[in-house]
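Trainee: Numbering (the working numbering), first residue to last: 1 to 744.
Glycine included, every Cβ here is placed at the ideal spot set by N, Cα and C.
Because the structure is a prediction, the values reported are computed rather than measured.
I'd like to ask you about the structure that follows.
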Ligand code: GDG
């Protein structure tokens, strides 16, 4: 039996390669992601693909690295210095990073860097395919450096299982829109089946980008890409809780923590740890600390800000400038406010072993996180995990993803300098009991939603989604289904075809009158009707005058206004008896009011219904107003026994006794067909799918939730299906009528 594999792909492998005295050393990363995924990629024949962070000197060295990494289940993607410069530093860090952290003015758009980004994503794709994955395997792609990869991989296998997780924020769609290559980036990510972010807001921004920029259709958190449903969800990343909590308790770390406290002579230690990055709000933190020293001079000599900044990207000019500014500000504060016995800020630009971090977490009275934007921020979670038996207070930026989970931290706006200074005072003065209560609440969250939980949830959901997609696929009209329908067709003699009009036989137009039948549609319908055993029924929401204009001279039966009018059986129009129209006055009043405040919206009056169209209204605004309209109409609906239909860019209110289902059923009961085919795209067609006998072959246009047995992807495929019947009918007629050759 085939054992499925998990393939992790990220920009960097969870390894560092160092060369000392001509010897290569492989140092495994202790980062959160490496730990969380460690239990997966090290197992069986699972693998992790990524850049090893090292440029080999020759082919021979590449070979050695490849072999050594293979033993650790790691597959390297080697990059040239030009590729690293263009793809990583140029595009990822100078376009995507600033834009995704809401820093539009920091973005530098260079076409050549985009070319490198595409080239390297392709190189990653080649590396994935070199491992020959199949659709039983699972691929998990990490982060913004590889946004094109999901689609590139998908092109090699339509069914392969792909998850994408983005560790940094996703900005509002109007910010994302600024990137010249935004469509390609979005389409790239949408190659995945499950796309996940740390916070709900990020998912909403991504969904908005999908609908507003690419014009995709959406249902809840699911975007439709052709016939594939792509889910966009929230999976806040956790940390290895047990590791951090055990480390903080260990005797060595405890001893070191005591040393640190003694070194600072039991002054209150305010800790901050971040990579050098403008998104982390390091300068703002320093301004706030200075403000605190000015505003609360009584705390002079009683606190120390221990600030560890981890070197990062300091070849990028923006980062170099930031580093210089931090150096300057720290120097300024220490020089102006420090004394002989006291230096307010202990600043280190360095990387420490994790044991030292742990001791700092254990020793710190306050942890100060002031990110201006942060996907999650793991430092604050590590601090919390180190405080099972220690006191401590977390001050957390409300603009870090972690703030959505750690509600018991003191939350601050990182731009509000005064608010941060006050929060420092609140933290220093916080009674022990309150500290414990808040910390315990945060601990409970960090402990439960740990890194293993995160990995488990993600894979479970990816599997569920593949299952949902598979079910959807089995409902899709493809060759097997078409043949089955045609077999039934051939074994029947009295056939009814219920065909909805707009969105089924013809595409939507901004102007309803432009949606007249085309010559080719007439031709197809004529051919279908030309078999004496076939009977077409056009069943539509359109007024009867329009249907008469378009189909009045045909043998088809017509049902207008969702069933209020029908020309069955005598080809003359009759309407359902005793329909009241009194409700129209208040409903029309409300609809007109909304049409008057929404440019591009209009009210259509039919004999037994009123429709509020917003196809021509501004994207988003039309949707919003339609919802407000629905809310305003809500109380009138039950009062007058009405039915409210939310169709494609239309809100329609009609008499409750009128519906396509009842109209179709009446025809069926009278006509007594032995084959029923019904196809439609709208909510109004659902009534028909529900009411018709279960043996009816019902087809929904568009892969939306439906009572229909089958679906076709779009309006073109709906017409193609009718066309398919016609061709089949013609070819079987030809066979029947061609002279038989007699073999002797
Ligand atoms: C991105 C997103 C998101 C720091 N200094 C040292 C050291 N660290 C470790 C910390 C922590 C990690 O680095 C930093 O994680 P963050 O989450 O704070 O930030 P980013 O690196 O920007 O990560 C971020 C994250 O992805 C995960 O999705 O939370 O929002 O920007 O684990 O402990 N580790 C060691 N020595 C150090 O000096 N050993």
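Given that a residue counts as buried once 16 or more other Cβ atoms are within 10 Å of its Cβ, and exposed if not, what is residue 130?
Mentor: exposed
Trainee: For residue 351, verify whether its CB is less than 6 Å away from any heavy atom of the ligand GDG.
Mentor: yes
Trainee: Between which residues of its own chain and residue 160 is the CB-CB distance below 6 Å, once the five residues before and five after are set aside?
Mentor: 135
Trainee: Is the Cβ-Cβ distance between residue 645 and residue 684 less than 7 Å?
Mentor: yes
Trainee: Regarding residue 147 and the ligand GDG, is the C-beta to nearest heavy atom distance less than 6 Å?
Mentor: no
Trainee: For the 8 Å Cβ check, are there 3 or more pairs between the region 146-159 and the region 12-29?
Mentor: The answer is no - the region 12-29 does not touch the region 146-159, with fewer than three Cβ pairs under 8 Å.
Trainee: Distance check for residue 600 and residue 315, CA to CA, integer angstroms please.
Mentor: 52 Å
Trainee: In whole angstroms, give me the CA-to-CA distance for residue 611 and residue 211.
Mentor: 24 Å
Trainee: Taking only heavy atoms of the ligand GDG into account, decide whether any of them is closer than 6 Å to the Cβ of residue 275.
Mentor: yes
Trainee: Could you check which residue in 300, 362 and 712 has the C-alpha nearest to that of residue 340?
Mentor: Residue 300 is the option with its Cα nearest to residue 340.
Trainee: Report yes if the C-beta of residue 167 is less than 6 Å from at least one heavy atom of the ligand GDG; otherwise report no.
Mentor: yes
Trainee: Confirm, please, whether the CB-CB distance from residue 405 to residue 133 is below 7 Å.
Mentor: Not closer than 7 Å, so no.
Trainee: Per DSSP, residue 10 forms a beta bridge with which residues?
Mentor: 142
Trainee: Alpha helix (DSSP H) containing residue 307: first to last residue?
Mentor: Unbroken run through residue 307 is the beta strand (DSSP E), 303-310; no alpha helix (DSSP H).
Trainee: So residue 271 and residue 360 are supposed to be a Cβ contact under 8 Å. How far apart are they, rounded?
Mentor: Yes, residue 271 and residue 360 are in contact; Cβ-Cβ is about 6 Å, under 8 Å.
Trainee: Taking all protein chains shown into account, do 16 or more other C-beta atoms lie within 10 angstroms of the C-beta of residue 331, making it buried, or fewer, making it exposed?
Mentor: exposed
Trainee: Should residue 374 be counted as a contact of the ligand GDG given a C-beta to heavy atom distance under 6 Å?
Mentor: At least one heavy atom of the ligand GDG lies less than 6 Å from the C-beta of residue 374.
Trainee: Please work out which residues of its chain come closer than 6 Å, Cβ to Cβ, to residue 322, disregarding the five sequence neighbours upstream and downstream, and give them in chain order.
Mentor: Result list for residue 322: 278, in chain order.
Trainee: Would residue 541 and residue 663 be called neighbours here (beta carbons separated by less than 7 Å)?
Mentor: no
Trainee: Just mark residue 344 as buried or exposed, buried being the case when its beta carbon has 16 or more other beta carbons within 10 Å.
Mentor: buried
Trainee: On the DSSP bridge list, what partners appear for residue 395?
Mentor: 368 and 410
Trainee: Residue 709 by DSSP, collapsed to three states: which one?
Mentor: It is coil, neither helix nor strand.
Trainee: Check whether the Cβ atoms of residue 495 and residue 533 lie closer than 7 Å to each other.
Mentor: yes
Trainee: Would you list the residues sitting across from residue 536 in a DSSP beta bridge?
Mentor: Bridge partners of residue 536: 497.
Trainee: With C-beta atoms as the reference, is residue 745 less than 7 Å away from residue 658?
Mentor: In the structure as shown, the chain starts at 1 and stops at 744, and residue 745 therefore has no counterpart that could be examined.
Trainee: What's the call for residue 364, buried or exposed, on a 16-neighbour Cβ count within 10 Å?
Mentor: buried
Trainee: Between which two residues does the beta strand (DSSP E) containing residue 51 stretch?
Mentor: 47-51
Trainee: Checking 7 Å against the spacing of the C-beta atoms, do residue 351 and residue 414 come in under that value?
Mentor: no
Trainee: By the three-class DSSP mapping on this structure, what secondary structure does residue 341 have?
Mentor: DSSP places residue 341 in coil when its eight states are reduced to three.
Trainee: Answer yes or no: do residue 276 and residue 312 have a C-beta to C-beta separation smaller than 7 Å?
Mentor: yes
Trainee: Short of 7 Å in beta carbon distance, which residues of its chain neighbour residue 567, apart from the five on each side in sequence? Order them along the chain.
Mentor: 557, 558 and 573
Trainee: Could you tell me whether the Cβ atoms of residue 83 and residue 116 are closer together than 7 Å?
Mentor: Yes.
Trainee: Within a Cβ cutoff of 6 Å, which residues of the same chain sit near residue 677, ignoring the five residues on either side of it in sequence?
Mentor: Answer for residue 677: 497 and 697, listed in chain order.
Trainee: For residue 377, is the beta carbon positioned less than 6 Å from some heavy atom of the ligand GDG?
Mentor: Remark: the C-beta of residue 377 is in contact range of the ligand GDG, defined as less than 6 Å to any heavy atom.
Trainee: Just the C-alpha distance for residue 112 and residue 104, rounded to the nearest angstrom, thanks.
Mentor: When rounded, the distance between both Cα atoms is 20 Å.
Trainee: Which residue's Cα is closest to the Cα of residue 717: 730, 227 and 733?
Mentor: 227
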